[in-house]
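**Student:** Attaching a single structure in C-alpha cells format; questions to follow.
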Amino acid sequence: MSELTQKAEKLDAGDELAAKRAEFVLDGPEGAVYLDGNSLGALPVAVPGRVADVVGRQWGEMRIRSWTESGWWTAPERIGDRIAPLVGAAAGQIVAGDSTSVNVFKALVGAVRLAQGTGPGRDEILVDATTFPTDGYIAGSAARMTGCTLRPVEPSEVPGALGERTAAVLLNHVDYRTGRLHDLPALTAAVHAAGAYAVWDLCHSAGALPVGLDAHGVDLAVGCTYKYLNGGPGSPAFLYVRADLQGRFDSPLPGWNSHAEPFGMRSEYAPAEGAVRGRVGTPDILSMLALESALEVWDGVTVEAVRAKSLALTDFFLECVGEYVPEGRVECLTPLPHAERGSQVALRCADAGPVMRRLIDRGVVGDFRHPDVLRFGFTPLYVGFADVERAARVLAEELG
Numbered sequence: 002m003s004e005l006t007q008k009a010e011k012l013d014a015g016d017e018l019a020a021k022r023a024e025f026v027l028d029g030p031e032g033a034v035y036l037d038g039n040s041l042g043a044l045p046v047a048v049p050g051r052v053a054d055v056v057g058r059q060w061g062e063m064r065i066r067s068w069t070e071s072g073w074w075t076a077p078e079r080i081g082d083r084i085a086p087l088v089g090a091a092a093g094q095i096v097a098g099d100s101t102s103v104n105v106f107k108a109l110v111g112a113v114r115l116a117q118g119t120g121p122g123r124d125e126i127l128v129d130a131t132t133f134p135t136d137g138y139i140a141g142s143a144a145r146m147t148g149c150t151l152r153p154v155e156p157s158e159v160p161g162a163l164g165e166r167t168a169a170v171l172l173n174h175v176d177y178r179t180g181r182l183h184d185l186p187a188l189t190a191a192v193h194a195a196g197a198y199a200v201w202d203l204c205h206s207a208g209a210l211p212v213g214l215d216a217h218g219v220d221l222a223v224g225c226t227y228k229y230l231n232g233g234p235g236s237p238a239f240l241y242v243r244a245d246l247q248g249r250f251d252s253p254l255p256g257w258n259s260h261a262e263p264f265g266m267r268s269e270y271a272p273a274e275g276a277v278r279g280r281v282g283t284p285d286i287l288s289m290l291a292l293e294s295a296l297e298v299w300d301g302v303t304v305e306a307v308r309a310k311s312l313a314l315t316d317f318f319l320e321c322v323g324e325y326v327p328e329g330r331v332e333c334l335t336p337l338p339h340a341e342r343g344s345q346v347a348l349r350c351a352d353a354g355p356v357m358r359r360l361i362d363r364g365v366v367g368d369f370r371h372p373d374v375l376r377f378g379f380t381p382l383y384v385g386f387a388d389v390e391r392a393a394r395v396l397a398e399e400l401g
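Going by the working numbering, the sequence shown opens with residue 2, and the numbers climb by one from there.
Printed below as a string of C-alpha cells:
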C-alpha cells in the first residue's frame, strides 16, 4: 500500500461528512469515481420515492387539490428559503423556478432598470469576458433591450473599467473552465462605489462554498440547482433579489404568477410583494419537488464544513497528481491559493478529449472542455479521499 493510499484511508476515517455518501445513489462499476458533480450532481436516495408520491398520489389521486393541499403553489418560495442559507441569504429573498438563463435575463435587465431609475447616463453593462457563453448571449440581449452598450472585461479588470456610465455588472463567482474563485466581496464593493448594481452567477459555487450574499450586499444573483445542489437534470434555477431592492425590482418578464392577484385575471399588471415578484409562469412542479427532496441531504450540514472538505479534497488530488502523473503531461489551470479556488481542478492536457474518454471507460468520470482541459469536480457530500487517490492514479496510468 502506497503512502498516498494510506493517507487517503486516514483522511476518510476522519471525514465528518463521510456518512452523507450513503444518501446518494452511486451505483456503477466497482471502484467508480464520480467527479462530474459540477455538471450534474448525483441522485439523492430519497428523490425517487418523493417523485413517485408526487406523480402517483398528489397528481394521480389529488389532482387539482394539490396546488393548495400539497403545497404546490408555494413551492417556489418555500424551496427558495431552503436554498437561502446555502448561499448566505435570509428567508424571503430567493425564488426557485425557470432556468438559469431566464433568471440571468430577469436579474440583469432588472439591475439596469434599477440603475437607470436613479438618474440618466447609466447606459453600459459590464460582463465577465470569461463567462459561460449563455450569460454573454443573455447580456447582449439585455443590453439591446435596455439601450445599453455591452462591454466584456476580465473580472480582475472590473474595478478599473467601472465608471459613471456603468449600470450593471454580470460576473461569475467561479470560472466554469478553470475553477478560479473570484473575489465577490471586493468586486461587489467596487461596483457599488461606482453607483452600479452587481449581478452574480453562482452556478459553480452554490452548495460548494460560502457565498455570503447578504453579508456582502449583493444586489441580485442567480444559480442552478443541478450541480452541487443535486436537484437533477434541468432542475429549476433560483433568483435572489436583495430585500431592500424588491419593491423597485422591475422584472422584464411579468407573468401571472408574479401578479399581486394572480387569480384576479386583471388586464393591468401589478407586481406582488417580496420574492414572489421573481416568478413568471406556472411552476414546473415535478422537477421542483424533486429538487425539494434533494435539498434534504443538507440537513445537519454547514456550507463551512463542505468548504473545508472541498479544499482538502482538491489539495489531496493535486498532491496525488504531482506524485503520480509523469512530469510535463498536465498543467494545472486552477489557482493553488485557497482564496482563489472553487471546488474543481482543471488540468490542461494536449490530448484531453481521448484521455477523458479512457478515464470514463475505467470508471473515473470527469469531463472535457474544448480544446484541451480535463475538468474534475469535487462534491464533498459524496466524494471521498480514496476516490481522489484512485482518480489520480488512473489518470497517471493513462498518461504514462
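Cβ atoms here follow ideal geometry from the backbone N, Cα and C, with glycine treated the same way. This structure is a prediction, so every number in the text was calculated from the model and none was measured.
Note down, in chain order, each residue of its chain lying with its Cβ closer than 7 Å to the Cβ of Gln454, except the 5 sequence neighbours on either side.
**Tutor:** Only positions 2 to 401 of the chain appear in this structure, which leaves residue 454 out of reach.
**Student:** Look at Ala90 and Asp215 and say whether their C-beta atoms are less than 9 Å apart.
**Tutor:** Cβ atoms of Ala90 and Asp215: closer than 9 Å.
**Student:** Do Val175 and Leu210 have their CB atoms nearer than 9 Å?
**Tutor:** Yes. Within cutoff.
**Student:** Please classify Phe317: does DSSP put it in a helix, a strand, or coil?
**Tutor:** DSSP places Phe317 in helix when its eight states are reduced to three.
**Student:** What do you reckon, are the CB atoms on Asp136 and Leu171 nearer than 9 Å?
**Tutor:** Yes. Within cutoff.
**Student:** Following the continuous alpha helix (DSSP H) through Ala168, name the residue where it begins and the one where it ends.
**Tutor:** Here Ala168 belongs to no alpha helix (DSSP H); instead the beta strand (DSSP E) covers 167-173.
**Student:** Which residue comes first and which comes last in the beta strand (DSSP E) that contains Pro86?
**Tutor:** Per DSSP, Pro86 belongs to no beta strand (DSSP E) and is neither H nor E.
**Student:** Pick from Arg243, Phe317, Trp299, Cys204: whose alpha carbon is nearest that of Glu4?
**Tutor:** The shortest Cα separation from Glu4 among Arg243, Phe317, Trp299, Cys204 belongs to Phe317.
**Student:** What are the start and end residues of each continuous alpha helix (DSSP H) run of 4 or more residues lying completely inside the segment 82-163, in chain order?
**Tutor:** Correct list: 101-117, 134-147, 159-162.
**Student:** Which residues share a DSSP beta bridge with Tyr198?
**Tutor:** For Tyr198, which the question treats as bridged, DSSP gives the partners Ala169.
**Student:** Beta-carbon separation of Thr131 and Ala140 under 9 Å?
**Tutor:** Taking 9 Å as the Cβ cut-off, Thr131 and Ala140 do not qualify as a contacting pair.
**Student:** Could you check whether the segment 24-38 touches the segment 280-290, counting it as contact only if at least three pairs of C-beta atoms, one from each stretch, sit closer than 8 Å?
**Tutor:** Cβ pair count under 8 Å is below three, so no.
**Student:** Kindly identify the DSSP beta-bridge partner or partners of Arg349.
**Tutor:** Glu332, Val374, per the DSSP bridge assignment.
**Student:** Reducing DSSP to helix, strand and coil, say where Gly29 ends up.
**Tutor:** Here Gly29 sits in coil by DSSP.
**Student:** Candidates Ala244, Gly275, His183, Ala112: which alpha carbon is nearest Tyr198's?
**Tutor:** When each option's Cα is compared against that of Tyr198, the closest is Ala112.
**Student:** Quick one: grab the DSSP three-state call for Gly364.
**Tutor:** In the structure shown, Gly364 sits in coil (DSSP, three-state: anything other than H, G, I, E or B).
**Student:** For His260, does the count of other Cβ atoms within 10 angstroms reach 16, so buried, or fall short, so exposed?
**Tutor:** Buried, because 16 or more other Cβ atoms sit within 10 Å of the Cβ of His260.
**Student:** State yes or no: is the C-beta of Leu254 within less than 9 Å of the C-beta of Tyr325?
**Tutor:** Contact: no.
**Student:** Are the segment 153-160 and the segment 184-204 in contact at 8 Å, needing three or more beta carbon pairs?
**Tutor:** The segment 153-160 is in contact with the segment 184-204.
**Student:** Nearest-angstrom Cα distance between Arg249 and Glu274?
**Tutor:** One C-alpha to the other measures close to 10 Å.
**Student:** If I measure Cβ to Cβ from Gly232 and keep anything under 6 Å in the same chain, skipping five residues before and after, which residues do I get?
**Tutor:** Within the same chain, Gly232 has close Cβ partners Thr226, Leu292, Ala295.
**Student:** What's the gap between the Cα of Val374 and the Cα of His183?
**Tutor:** For Val374 and His183, the distance between alpha carbons rounds to 20 Å.
**Student:** Assess, as a yes-or-no matter, whether the segment 11-27 is touched by the segment 46-53 under the definition of 3 or more beta carbon pairs within less than 8 Å.
**Tutor:** With a cut-off of 8 Å, the segment 11-27 and the segment 46-53 count as touching, because enough Cβ pairs lie within range.
**Student:** Return the first residue and the last residue of the alpha helix (DSSP H) that Ala340 is part of.
**Tutor:** Per DSSP, Ala340 belongs to no alpha helix (DSSP H) and is neither H nor E.
**Student:** At which residues does the beta strand (DSSP E) containing Phe239 begin and terminate?
**Tutor:** Its beta strand (DSSP E) spans residues 239-242.
**Student:** In whole angstroms, what separates the C-alpha of Tyr383 from that of Gly15?
**Tutor:** Cα to Cα, the separation comes out at about 14 Å.
**Student:** Leu292 lies in the alpha helix (DSSP H); which residues open and close that run?
**Tutor:** 286-295 is the extent of the alpha helix (DSSP H) around Leu292.
**Student:** At the level of alpha carbons, what is the spacing between Val128 and Gly364?
**Tutor:** Computed Cα separation, rounded: 38 Å.
**Student:** Do Phe379 and Val366 come within 9 Å of each other at the CB atom, strictly closer than that value?
**Tutor:** No. Outside cutoff.
**Student:** On the three-state DSSP scale, how would you describe Ala397?
**Tutor:** Helix.
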